[in-house]
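Accompanying notes for the structure given below.
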């Protein structure tokens, strides 16, 4: 034990040294680098000689500020806009108060009022943003002039003792700065006051909308709950009492034809509607028998109804909170004119009658809403009207199924309508009043929206045809050649847009979303997240739009260049096709890149995709890329072009189309062969029309031995020269080619201008040669063979010899 201390004493220092060598170096926290505080650079003030020029610049800037402030048009415009918005909100609030408690409103009325509040809030928000932007500019101007004030004070101090003139200059500059600051402060104060007023107006609208939103949420939550007493219950009949009479009297008094200032505020709109009514009526009457677009026939057949619909369907939406009875008149005029236009849109008579029935019932519903009828009366009308509609439409559906079995869609739609209104009847009678009103309202609104959408499609398609057929446009080569295809493309784009807008509107009608804007925002934000990248439906939709527009733009550009540039210079057809394909694929490539970028794909991904594409080419896509590169070579080098007559694999054909991957060849049998482009580059191809369409036709003829050769040559030469399609230069050539096994062989060689006439010329010349040979008694031999037997078996010879004794029969 006494050896241990000595051991540690002798070995401790070396052990510690080894441990220190093997241990990692300690990581000490790095001290932050000393931040160098930049020294304030002294402001170099101008000298005395710069006082007057600087004062001139100051006065010019102050004058500009004063001129801009004196021009109070912007401020006055903001004040008038605020007054108009305040008046609109006051009118809407008055209408809300007249309608009574929102809990008694229908869902449609709630949605209409909320939409009006949303529109007002949008206008108020825009005004607030404009005022705020100007207030920010005023604040920056104030800060700038405060800096000018400090600058002039420091400058005056730096110059020390000054003369009287210089002191006067500085004093005038300080007064100018003070006046400008005062004017800017005054304008800034006015803008801030306007901001506060608009904010108060916004808050007031938000409070009203919040209250209506709570009622709407309750109605949606109670949609599948019993919200009223059943129509057959005593509780419902007990509502028909003296209180209901008082409520009915109050509602009738609340229904008004006008309100103060309504007609004065809408005088211009009345004039516009009257102008549209008169002008549309006389224009349609003037051109109703002229040659117009087929899609407009439903308008020209009834010019008065078309004029009323044009005057009230669109401009009627611009009325700001019209009185209830005025709104009723507008709806009646719109629905009534649409009813007269329906026969031109709906060819099925029973479906047309069903729509007439729905329009008639809708008139009654609009009347009850305009007169603010109490809910019990509205429920009774709703029950009776839904039951009547269901029974009559069911009867129409049964007749339609018996008489017109070819149109099952119409029959199915009629049965569906009958089922929906039967459901609304049952739910109303059992006390599910909210659900009953919702079913009928959604059904009617969906049908009317579909009719309006169909009208818009017909009007748009007719407008496209009408514009493209105008004589000034038809004088352009592009429109005269491509008007039909351009019309079809524009019609498809129009229908896509209208169906998209109609779908958004139906989503708001079905109460899936409160408004179109919210529907776009919510649907567009739906998506998935992939490696920290969110791909939304809106991105994909924009990508699809970019691809569609790029595709249409590529066609438009290539067609314009083809008709205006190439055809004017009489460019070869192959060059035109090559240029059009290159333009098309270039636009598509740009469209794909833009679409992927719009869809949220990072640009760095293209490099990765390019590398993967290169690997794919090396392993499995080399044939495709080979054909692709060969297609580009064909388009640029043009060894073959569209319309050429070629021979490939002993197959005659005409080039129909050259693509980037393959070429379509139409054979003589009118069959189509798909040839990979790489074969046209690497294999032997005979092109009969590469430089010109001239071709030689060779016909071989044989005559019997002993025939006069010169006579045959003379007949062949004369026959070939006499054919109208045979060219004089190069001349016709008739040759004696040799002694055949059974005939003397000749060739007739002629040249024709078009290779396409090759078979026809050959057939006609050979027919003429046969006729001339027959006239000249020249024989066309057929193959003959002489058989010489040099040796034969004796037994076979005996059998071949005729029997000397006819009675002797040789039995083999």
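Numbering (this note's numbering), first residue to last: 379 to 1190.
By construction, the Cβ of each residue, glycine as well, lies at the ideal position given by its N, Cα and C atoms.
task: Report the rounded CA-to-CA distance for residue 760 versus residue 806, giving the unit in angstroms.
output: 8 Å
message: Please report the straight-line C-alpha distance between residue 882 and residue 559, rounded to a whole angstrom.
response: 52 Å
- prompt: Quick one: what's residue 1118 bridged to in DSSP?
  reply: DSSP output for residue 1118 lists no bridge partner at all.
field: residue 460 versus residue 502: straight-line alpha-carbon distance, rounded
entry: 8 Å
field: Identity of the residue in 843, 818 and 619 nearest residue 868 by Cα
entry: 843
- prompt: So, residue 902 versus residue 876, is the Cβ gap smaller than 8 Å?
  reply: no
- prompt: What is the DSSP secondary structure of residue 1127, counted as helix, strand or coil?
  reply: strand
message: Between 779, 768 and 614, which has its C-alpha nearest residue 797's C-alpha?
response: 768
- request: Reducing DSSP to helix, strand and coil, say where residue 1077 ends up.
  value: strand
- request: Spatial neighbours of residue 396 within its chain, please: CB distance less than 6 Å, with the 5 preceding and 5 following residues excluded, ordered by chain position.
  value: With a pLDDT of 35 at residue 396, under the threshold of 50, the predicted position of this residue should be treated as unreliable, and no value is reported.
- prompt: Taking DSSP as the reference, what is the three-state secondary structure of residue 1148?
  reply: helix
message: Can you tell me where the beta strand (DSSP E) holding residue 1053 begins and where it ends?
response: 1050-1054
field: Whether residue 1087 touches residue 1114 by CB criterion (8 Å)
entry: yes
query: Counting along the chain, where does the beta strand (DSSP E) carrying residue 905 start and finish?
result: 905-908
message: Report the start-end ranges of each beta strand (DSSP E) in the stretch 780-805 that is 3 residues or longer and not cut off at the edges.
response: none
- request: Could you tell me whether the stretch 484-501 touches the stretch 511-524, where touching means 3 or more Cβ pairs closer than 8 Å?
  value: no
- prompt: Under 8 Å between the Cβ atoms of residue 718 and residue 688?
  reply: no
message: With distance defined between alpha-carbon atoms, name the residue in 646, 752 and 591 nearest to residue 889.
response: 591
Helix, strand or coil at residue 1154 [DSSP, three-state]: coil
query: Helix, strand or coil for residue 1111 per DSSP?
result: strand
field: Coarse secondary structure for residue 433, derived from DSSP in three states
entry: helix
query: Using the rule of at least 16 other Cβ atoms within 10 Å of the residue's Cβ for burial, across every protein chain shown, is residue 956 buried or exposed?
result: buried
message: Using C-beta distances below 7 Å, list every residue in its chain close to residue 913, excluding the 5 sequence neighbours before and after it, in chain order.
response: 905, 906, 977 and 978
query: According to the Cβ coordinates, are residue 812 and residue 657 closer than 8 Å?
result: no
Close beta carbons around residue 1011, own chain, < 7 Å, minus the five adjacent residues each side: 1059
query: With contact counted as at least three CB pairs below 8 Å, one residue from each stretch, are the stretch 727-737 and the stretch 745-752 in contact?
result: no
- prompt: Among residues of its own chain, excluding the 5 on either side of residue 737, which ones have a beta-carbon nearer than 6 Å to its beta-carbon?
  reply: 713 and 717
query: Helix, strand or coil: how does DSSP classify residue 1170 here?
result: coil
query: Shortest alpha-carbon distance to residue 1005 belongs to which of 1056, 972 and 968?
result: 1056
message: Can you tell me which residues form a DSSP beta bridge with residue 1197?
response: In this structure the chain extends from 379 to 1190, so residue 1197 is not present and cannot be described.
task: Report the three-state DSSP secondary structure of residue 888 (helix, strand or coil).
output: coil
field: Beta-carbon gap between residue 1066 and residue 1045 smaller than 8 Å
entry: no
query: Where does residue 604 fall in DSSP's three states?
result: coil
query: Using CA coordinates, which residue listed in 1120, 808 and 1022 is at the minimum distance from residue 603?
result: 808
message: Tell me whether the stretch 427-446 and the stretch 461-471 touch, counting them as touching only if at least three CB pairs, one residue from each stretch, are closer than 8 Å.
response: no
- prompt: Per DSSP, residue 361 forms a beta bridge with which residues?
  reply: Past the edges of the chain, shown from 379 to 1190, lies residue 361, and the structure says nothing about it.
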